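Notes follow once the structure below has been shown.
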Amino acid sequence: MKAEIITIGDEILIGQIVDTNSQFIGQQLNKIGVSVYQITSIQDDQKHILNALKEAQERVDIVIITGGLGPTKDDITKKTIAQFFNDDKLVEYPEVIAHIKGLFKKINHPFREIQRYQAQLPSKATLLMNHFGTAPGMWFYENETVFVSLPGVPYEMKGLITNQVLPRIQKQFKLPFIIHKTIMTYGQGESTIAERIEAFEDNLPSYIKLAYLPSFGKVRLRLSARGNNKEVLEKELNEKVKEVYRLIPEIITGLDDDASLEKRVGELLKKSNKTICTAESLTGGKIAATLVSVAGSSAYYKGSFVTYSAETKVNLLGVSPEIIEKHTVVSKQVALAMAKGAKEKLNTNYAIAVTGNAGPTTDHNDKSVGLVYIALVADDKEFVEEFNFGQPREKVINRTVSKSLEILQKEIL
C-alpha cells in the first residue's frame, strides 16, 4: 500500500515555513503499514495542483493533500479538487457552520459570510469534521484511489489524521504490519559501521531492511520488518537487534531515539555514584544544557562555567594568565587548566572542558576554524584531545558537544 503526500502553498516553497506536516503524516502512515512513496510540494496554482493529482493517482493508492482550504481567494485547493473530479456542485453542511459560529463566539468574533464557503464541500466528498478549526477535511474515493484533503494548520491536520483519516484507511484496506527497531550508536561514522556489519546486512531476509541515519556524532541503525504476522516479525527483529549488539557493542548506547548519549552518560554516572561538571568556551553552555536535559541529572551534574573570554577563564577558573599568554586561549594547556579549575571548585569526580575556534574566521592568533581542544580531568587521570571539526560554526559547536559526551562515556566505561 503506497501513499503520496502533496503539500500546497507558496510559503513552503520560498522557505517561509518548514513542512512539518509531511513528517507527521509519513510517521503515522508508516505505523499502520502504509509506505510513503513520494512527497510533493507545489504552488497555489490550479494547473500545478491538477497535474500533481493526476500524476499521484497513477502511482499510489492514497493521496493526502494539505493546505489551501481557507476562506480567501488564494485558497484554491477545494475548487481545484472539485474540478479534478468533475464535480461542480457544492453541498453546504449546517453542522460545519454551527461549529464555526461556536468557535467565533468563544473569541467574540463575528461570523462573516466569507466563512460560509468553508462549510461548502464538493458533492463527491465525504465530510471530515474538523473539531480544532474552521476548515473541514474532505475524503474522496475514485478509481480505487483515496484522496484526502486536509487543512495546512499543523494541529488541525494532526487531529484529523489521528481521529479520522487513519481509522478510515485501516477500515478500507487490508494493511501489512511494519515494525521498526532503532539502534543508537556514537563515535563511528556510517561507512565504518557498514564495514563492520557488512556480512550481517548481506544476510538479511528481503522483508527486513537496514537504514543508516547519520547526524552529529551519531548514527541510528533502523531495522524495519514488513509482513502479515506481527509476532513472527517482532521475534525475528529482536534476534537481528541482538546480532548487531554482538557485532558493535562498544558504540551502542541503546535502542530507539530515546537512547541518547546524554542519557547513557547519566545512567553510567548514577550507577557509579560519580559527579561531573563542565567548563565551556566555544560551546557557550551547550554541553551543560545537553546534560541537564535528562530528567534526574541533578543527581550527578553539579554545574558549569561558561568562560567565553580570556578574562573569565582567569577570574572564574584560575587559569594562569602566563599560560594564556604563552599558548593562547585555544590550546591544550588552557583546556586542561579549565578542566582542573572547574573540578577543583565544584569538587566533582569528572570535569570536561572545551576551548576552540568555531569560526567563521581564524582568530587573531591564526587558530584555524574548527580547531577544538577537549580536556577531561578525573580523580585518577587527565588528558586533552585535539580535533578539527571544519565548518560551519553550528557544526563545530554540535560536534564538540557530541565528542565531549562520547569521551566522557568511554572514560566512565
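In terms of UniProt numbering, the sequence shown opens at residue 1 and continues consecutively.
For each residue, glycine too, the CB sits at the ideal point set by N, CA and C.
Here the structure is a predicted model, which is why all the values come from computation and not from measurement.
**OP:** Check whether the segment 43-53 touches the segment 116-128, taking contact to mean three or more Cβ pairs, one atom from each stretch, closer than 8 Å.
**Re:** no
**OP:** Would you please state the rounded distance, in angstroms, between the beta carbons of glycine 133 and valine 148? I believe it to be under 8 Å.
**Re:** Position 133 of the sequence shown holds residue 133. Position 148 of the sequence shown holds residue 148. Between valine 148 and glycine 133 the Cβ distance is about 16 Å, and since that is not below 8 Å, they are no contact.
Original post:
Does the pairing of the segment 164-176 with the segment 135-148 give three or more beta-carbon distances under 8 Å?
Top reply: yes
Subject >> Rounded distance between the beta-carbons of valine 372 and valine 354, thought under 8 Å >> reply: Against the sequence shown, residue 354 aligns to sequence position 354. Against the sequence shown, residue 372 aligns to sequence position 372. Between valine 372 and valine 354 the Cβ distance is about 6 Å, and since that is below 8 Å, they are a contact.
Original post:
Taking the alpha carbon of leucine 399 as the point to measure from, which residue in Lys218, Phe200 and Phe111 has its own alpha carbon closest?
Top reply: The residue you call residue 399 lines up with position 399 of the sequence shown. It is arginine, not leucine, that sits at residue 399 in the sequence shown. Ranking the options by Cα distance to arginine 399, first place goes to Lys218.
Original post:
Quick one: Cα of isoleucine 99 to Cα of isoleucine 5, how far?
Top reply: Your numbering for residue 99 matches position 99 in the sequence shown. Your numbering for residue 5 matches position 5 in the sequence shown. The sequence shown places histidine at residue 99, not isoleucine. Those two C-alpha atoms are separated by around 28 Å.
Subject >> Nearest-angstrom Cα separation, counted from glycine 390 out to tyrosine 301 >> reply: Counted from its first residue, the sequence shown places residue 301 at position 301. Counted from its first residue, the sequence shown places residue 390 at position 390. Tyrosine 301 and glycine 390: Cα-Cα distance of roughly 30 Å.
Subject >> Cβ neighbour criterion (16 or more within 10 Å) applied to aspartate 75 >> reply: Counting from 1 along the sequence shown, the entry for residue 75 is found at position 75. Counting Cβ neighbours within 10 Å, aspartate 75 comes out buried, since at least 16 surround it.
Subject >> Inter-residue spacing [alpha-carbon to alpha-carbon] between alanine 375 and valine 369 >> reply: Reading the sequence shown from its first residue, position 375 is the one you call residue 375. Reading the sequence shown from its first residue, position 369 is the one you call residue 369. In a straight line, the C-alpha of alanine 375 is about 19 Å away from that of valine 369.
**OP:** Determine the direct distance from the alpha carbon of glycine 296 to that of lysine 270, and round the result to whole angstroms.
**Re:** Taking the sequence shown and counting its residues from 1, the one referred to as residue 270 is at position 270. Taking the sequence shown and counting its residues from 1, the one referred to as residue 296 is at position 296. Their backbone Cα atoms lie some 9 Å apart in a straight line.
Original post:
Taking the C-alpha atoms as reference points, what is the distance between glutamate 344 and lysine 2?
Top reply: Working through the sequence shown from its first residue, we reach residue 344 at position 344. Working through the sequence shown from its first residue, we reach residue 2 at position 2. Distance between the alpha carbons of glutamate 344 and lysine 2 is about 60 Å.
Original post:
Are three or more beta carbon pairs between the segment 283-299 and the segment 229-249 nearer than 8 Å?
Top reply: no
Subject >> Assumed close pair glycine 341, valine 319 - CB separation to whole angstroms, cut-off 8 Å >> reply: Within the sequence shown, numbered from 1, the residue matching residue 341 stands at position 341. Within the sequence shown, numbered from 1, the residue matching residue 319 stands at position 319. Confirmed, about 6 Å.
Subject >> Meets three-Cβ-pair contact criterion under 8 Å: the segment 28-40 and the segment 176-194 >> reply: yes
Subject >> glutamate 95 burial status per 10 Å Cβ neighbour count (16 or more: buried) >> reply: Locating residue 95 in the sequence shown gives position 95, counting from the first residue. By the neighbour-count rule (16 or more Cβ atoms within 10 Å), glutamate 95 is not buried but exposed.
Subject >> Sub-7 Å separation of leucine 127 and tyrosine 93 beta-carbons >> reply: Here the question's residue 127 lines up with position 127 in the sequence shown. Here the question's residue 93 lines up with position 93 in the sequence shown. Against a cut-off of 7 Å, the Cβ pair of tyrosine 93 and leucine 127 comes out as a contact.
Original post:
Just how far apart, CA to CA, sit alanine 335 and glutamate 382?
Top reply: Sequence index remark: in the sequence shown, residue 335 carries index 335 (1-based). Sequence index remark: in the sequence shown, residue 382 carries index 382 (1-based). The alpha-carbon atoms of alanine 335 and glutamate 382 are separated by roughly 11 Å.
Original post:
What does a CB cutoff of less than 8 Å around valine 241 pick up in its chain, not counting 5 residues either side in sequence?
Top reply: Within the sequence shown, the letter at position 241 stands for residue 241. Closer than 8 Å at Cβ, skipping near neighbours: Lys181, Ile183, Leu223 and Leu255.
Original post:
How should isoleucine 17 be labelled, buried or exposed, when 16 other C-beta atoms within 10 angstroms of its C-beta is the threshold for buried?
Top reply: Looking up residue 17 in the sequence shown gives position 17. Exposed: under 16 other Cβ atoms inside 10 Å.
**OP:** Determine the DSSP secondary structure at isoleucine 6, reduced to helix, strand or coil.
**Re:** Here the question's residue 6 lines up with position 6 in the sequence shown. Strand.
Original post:
For valine 63, which three-state DSSP category applies?
Top reply: Locating residue 63 in the sequence shown gives position 63, counting from the first residue. Valine 63 falls in the strand class under three-state DSSP.
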